[in-house]
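The working numbering puts the first residue of the sequence shown at 170, with every later residue one more than the last.
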Amino acid sequence: MARSRRPLFRQRKSLSRRLAAGFSVALVAILCVLGLTYLTLPWTTGFALRTFLNHTGWGPVTVHVTRFDARSFELRDLSLGGHVVTLADLTITYSPRDLLHRRVGDITMNGLTVTAKWTEDGIALGPIHLAHLTGTSPSPAQTPLGQQPGKAGQLTRPLPFRHLAVTATNLVLDLPKNPVTISVSVDITPSDGRWEGQFAADGSARQGNTTTHLFGIGWQGVFSPAEPENWPSKGTIDLTAAAFPVSDSDATISASGHLDLVTGNGGVALTAPGRIIVNVSALRVGSLSGVPEAWVARLANGVAFDAAGSGGGPALIWRSQDGTSTQQADLDLGISAGETSMRAIVRGKTSGAPGVPPENVAIDEVRLGVNHVPLPVGELTGHVDLSGLTGPLVLVQGNAHADITITNAALGSLRATSLAVASDGQLHLDGPTIALAPRSLSVTATDASTPALSFPGQTTFALVDPGGESQNMGLVLSESGSPTYTFGLSAAAHNIRVARPVQDETQSEAVTVDIPHVRLEGYVVPATGLYDAGLRITDGLISHPIADLQVSQFSARFLPDGGTGTGKAQLVRFLGEPQHSTHSGGLNLKYDFNISNQSFDLASSLSSSKSQPLGGLTAQMNFGAQTGGVTLDTPKLVFGQDAISAADVFTTSMPISGLTGTAVVSLKADWGPTGGSSSGRMTLDDIAFQSAGFSVAGFSTDLNLNALQPLKANKTQHMRAASLTAGLQLHDLSVDASLPGEGAIILTSGSAAIAGGKASIADANIQPGGSQGIKFPLSLARLELAPLCTQAHVEGLSASG
170 MARSRRPLFR
180 QRKSLSRRLA
190 AGFSVALVAI
200 LCVLGLTYLT
210 LPWTTGFALR
220 TFLNHTGWGP
230 VTVHVTRFDA
240 RSFELRDLSL
250 GGHVVTLADL
260 TITYSPRDLL
270 HRRVGDITMN
280 GLTVTAKWTE
290 DGIALGPIHL
300 AHLTGTSPSP
310 AQTPLGQQPG
320 KAGQLTRPLP
330 FRHLAVTATN
340 LVLDLPKNPV
350 TISVSVDITP
360 SDGRWEGQFA
370 ADGSARQGNT
380 TTHLFGIGWQ
390 GVFSPAEPEN
400 WPSKGTIDLT
410 AAAFPVSDSD
420 ATISASGHLD
430 LVTGNGGVAL
440 TAPGRIIVNV
450 SALRVGSLSG
460 VPEAWVARLA
470 NGVAFDAAGS
480 GGGPALIWRS
490 QDGTSTQQAD
500 LDLGISAGET
510 SMRAIVRGKT
520 SGAPGVPPEN
530 VAIDEVRLGV
540 NHVPLPVGEL
550 TGHVDLSGLT
560 GPLVLVQGNA
570 HADITITNAA
580 LGSLRATSLA
590 VASDGQLHLD
600 GPTIALAPRS
610 LSVTATDAST
620 PALSFPGQTT
630 FALVDPGGES
640 QNMGLVLSES
650 GSPTYTFGLS
660 AAAHNIRVAR
670 PVQDETQSEA
680 VTVDIPHVRL
690 EGYVVPATGL
700 YDAGLRITDG
710 LISHPIADLQ
720 VSQFSARFLP
730 DGGTGTGKAQ
740 LVRFLGEPQH
750 STHSGGLNLK
760 YDFNISNQSF
770 DLASSLSSSK
780 SQPLGGLTAQ
790 MNFGAQTGGV
800 TLDTPKLVFG
810 QDAISAADVF
820 TTSMPISGLT
830 GTAVVSLKAD
840 WGPTGGSSSG
850 RMTLDDIAFQ
860 SAGFSVAGFS
870 TDLNLNALQP
880 LKANKTQHMR
890 AASLTAGLQL
900 HDLSVDASLP
910 GEGAIILTSG
920 SAAIAGGKAS
930 IADANIQPGG
940 SQGIKFPLSL
950 ARLELAPLCT
960 QAHVEGLSAS
970 G
């Protein structure tokens, strides 16, 4: 019996209906969800914005997103941080194509107000303190908006909008006394690497019920960062502030002036019809770290800035025409604070092919002037002037003049009441080299001193005729910008008076130095501390109350860790009046020295004009402890016809002949911050010599001195001589003397044979140079008058008995 197929068909039909009904219900549900999402998207976006901004500290936040679809986004009545930022409405239009290229169409913003407060930590914008922000450098992969890497100033990538319009926008700075409002309006359309539109900003302040205009900035036209000279535009800046308070202190700011920026017609010009002036009064900077006290006092009196030019106002003009780029400047800029002022003047022009150093330079004047500027090295006053600079930039020449004074100078260990430098010459620029050929140059120090020496009065170095050697000073810049200073100068040193420092300056023994010609050559690299300097003196006179030393030749080479040198000098006066001499004899000096920031050590050897060794001189100085010392030691010096003669050491100005005998000398001097000490020992044996009206033979002594100036000995000194002739003839001299200091000589005992008799002396106090002359008791016994009259050489006098 066959089974019926109708129930199976009915079951299949029922399943299809159920599937169709389920799909329809799901589709309707999805469409309802999408529709609900579309309808609630503005509310959802607004909720997300409020949640995010409240979480980041900008609450309380209010915002109404009125539209968010495939074509535009709109919001209204935005308020952040309790009205710190408010926005009336913002509309952004776009298309799918715009979004695909990461840009939008039109941005329209209206009624934006941003309020910043002045706090103890600086300016605060809601939860953000601007003083706490630190700048970060963009990574190599990042580039500024609209700019392609490697092509600065060229807008090869379009800005991310087609049009920007900003109206009724206010930036408010809530100062303690008077809030400042800056009203801004912008209308810009970027296209093909340029901007077209206009911009305006006006600053004003509310003082009570009065609103005062502070400044205005305006611009309109077409601007291209890559080619500003080819697109016309004009910008202006107006300054009109008058005694406006800038903080809760007494400081106020005043400004006046007008500035124009014009582009197009093949150039760019920044000009002002008159002087621009900005004054800030009662500026307090005591709380700023690193500000020197001298600056704090000057800034408290206010700061004044002004900009001018020969035509009234400053001017900067750049033009590019027919393949030639021309730059012209007429600037006179000044700033002053109390008695401190600085001024810079630049007038001239350059021209040449674009992208290369200018081929034509015609600069009329460059002047840098300062007045009472406090620096770590002292207070600086003076000016540097350049004029008549002509030629290509890589080879410019012109005139240079400088006149600079540093008062209360402190350069390393050198101190001076004032240090003045004056120079005039010709300037040469040759690539990285700046060279000055000075026609005149002088350096004058007043009351200079170092830890070891003082230079009372004025000490001057001035240029002299170099005698065929060039006068030059140079500056060479390396690829890293590190400078190397070079110099080759011939100068004269005058009015040098050196005094060793002691507690009572009136007791210091002065040394005067007159050097009519000194040559200084070498170079210095400050960045590395490397230097190589040579000093050469061809003539000079060093004078001391005891002796004069004529320097006929002296040279030294200074290196970072020391140096070497040679010298030749003549002792032209010793315990007498100076006399001029042309004798070729003298002392030869060879020395080596080591120098650092803290100490100086010198070791030298002395020899006669015949290269006979005369001893060695050593010197040490500790700059930090302000101590030092000098030591002179000689070997046993043998004098005679075939040995050392007087002319080998002294000169013909010291008429000594027939010098024989031996001598050993050891002298030492030390000094410190509170004074100095000296000592010496001189051993003479069988010394004999003749001089004008004076001769001595067989003189021997062993002097032990506890001070050299004035002479002082703690023990009695013994001296003897076989004979001494000084008008009268003395034989068998024997003297015991003490040197108590202060210039006194006490002859405790002494005797000599004279004219067949005997002369003796005891307890004689001699004060050389005293106002009462020299008085001492002398005992004579059994003298024979005949030989005495003969020795006295008195014409017509004879006696016997």
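We treat Cβ as the ideally placed atom computed from N, Cα and C, and that holds for glycine.
Item                                                                                                                                                                                     : Value
Give every residue of the same chain whose Cβ lies closer than 6 Å to the Cβ of Thr-733, excluding the five residues on either side of it in the sequence, and list them in chain order. : Arg-726, Asp-761
Just the C-alpha distance for Lys-320 and Pro-394, rounded to the nearest angstrom, thanks.                                                                                              : For Lys-320, the predicted structure reports a pLDDT of 45, less than 50, and the residue's modelled location is therefore unreliable. The matter cannot be settled from this model.
With a Cβ-Cβ cutoff of 8 Å, do Asp-267 and His-332 count as a contact?                                                                                                                   : no
Between Leu-610 and Leu-632, which are expected to be in contact by the criterion C-beta below 8 Å, what is the C-beta distance as a whole number of angstroms?                          : 5 Å
Could you name the residues of the same chain whose beta carbon sits closer than 8 Å to that of Ser-724, not counting the 5 residues immediately before and after it, in chain order?    : Gly-703, Leu-704, Arg-705, Ile-706, Gly-734, Thr-735, Gly-736
Give the secondary structure of Trp-840 by DSSP, where H, G and I count as helix, E and B as strand, and everything else as coil.                                                        : strand
Using the beta-carbon count (16 or more within 10 Å), is Thr-697 buried or exposed?                                                                                                      : exposed
Is any heavy atom of the ligand HEM found at a distance shorter than 7 Å from the C-beta of Ala-285?                                                                                     : As presented, the structure is devoid of all ligands, the ligand HEM included, so that no description of it is given.
In this structure, what does DSSP give as the bridge partners for Gly-698?                                                                                                               : According to DSSP, Gly-698 bridges with nothing at all.
State the DSSP-derived secondary structure class of Gly-366, mapped to helix, strand or coil.                                                                                            : strand
On the three-state DSSP scale, how would you describe Pro-397?                                                                                                                           : helix
For Leu-952, I'd like the list of residues in its chain whose CB is within less than 6 Å of its CB, leaving aside the five on either flank, ordered along the chain.                     : Ala-924, Gly-926
Using a threshold of 8 Å, state whether the C-beta atoms of Ser-920 and Ser-903 are closer than that.                                                                                    : yes
How would you write the range of the beta strand (DSSP E) that Arg-245 sits in, first residue to last?                                                                                   : 241-249
For Val-803, which of helix, strand or coil comes out of DSSP?                                                                                                                           : The sequence given here places Thr at residue 803; Val does not occur at that position. In this structure, Thr-803 counts as coil in the three-state DSSP scheme.
Who pairs with Ile-261 in a beta bridge, going by DSSP?                                                                                                                                  : Phe-242, Ile-276
Put Asp-267 into one of helix, strand or coil per three-state DSSP.                                                                                                                      : helix
Going by CA-CA distance only, name the one from Ile-573, Ala-569, Leu-342 that's closest to Thr-550.                                                                                     : Ile-573
Taking C-alpha atoms, which residue in Ser-489, Ala-933, Ser-647 lies nearest to Gly-907?                                                                                                : Here residue 907 turns out to be Ser, not Gly, going by the sequence shown. Residue Ala-933 is the option with its Cα nearest to Ser-907.
Is the Cβ-Cβ distance between Ser-712 and Val-680 less than 8 Å?                                                                                                                         : yes
Provide the residue span of the alpha helix (DSSP H) that contains Trp-464, from first to last.                                                                                          : 462-468
Given this structure, state the Cα-to-Cα distance separating Gly-793 from Ser-768, to the nearest angstrom.                                                                              : 8 Å
Taking 6 Å as the limit between beta carbons, can you name the residues of its chain near Ala-931, skipping five residues before and five after?                                         : Ser-918
Which residue's Cα is closest to the Cα of Asp-717: Gly-251, Leu-756, Gly-691?                                                                                                           : Leu-756
Would you kindly report the start and end of the unbroken beta strand (DSSP E) that includes Ile-575?                                                                                    : 564-580
If distances are taken between C-alpha atoms only, which option among Ala-477, Leu-340, Gly-657, Val-472 comes closest to His-427?                                                       : Ala-477
According to DSSP, what are the bridge partners of Asn-934?                                                                                                                              : Ile-915
Quick check on DSSP: helix, strand or coil for His-224?                                                                                                                                  : helix
Leu-148: which of Gln-496, Met-642, Leu-877, His-663 sits nearest, CA to CA?                                                                                                             : Look at the range of the chain in this structure, 170 to 970, and you will see that residue 148 is not part of it.
What is the rounded straight-line gap between the Cα of Asp-246 and the Cα of Thr-336?                                                                                                   : 15 Å
With 16 other CB atoms within 10 Å as the buried threshold, where does Val-865 fall?                                                                                                     : buried
Please name the residue or residues paired with Leu-853 in a DSSP beta bridge.                                                                                                           : Ala-832, Thr-870
Please classify Thr-255: does DSSP put it in a helix, a strand, or coil?                                                                                                                 : strand
Count the other CB atoms within 10 Å of the CB of Gln-490; is the residue buried (16 or more) or exposed (fewer)?                                                                        : exposed
Can you grab the Cα-Cα spacing for the pair Gly-250 / Glu-548, in whole Å?                                                                                                               : 50 Å
Indicate whether Arg-240 and Thr-262 have their beta-carbon atoms separated by less than 8 Å.                                                                                            : yes
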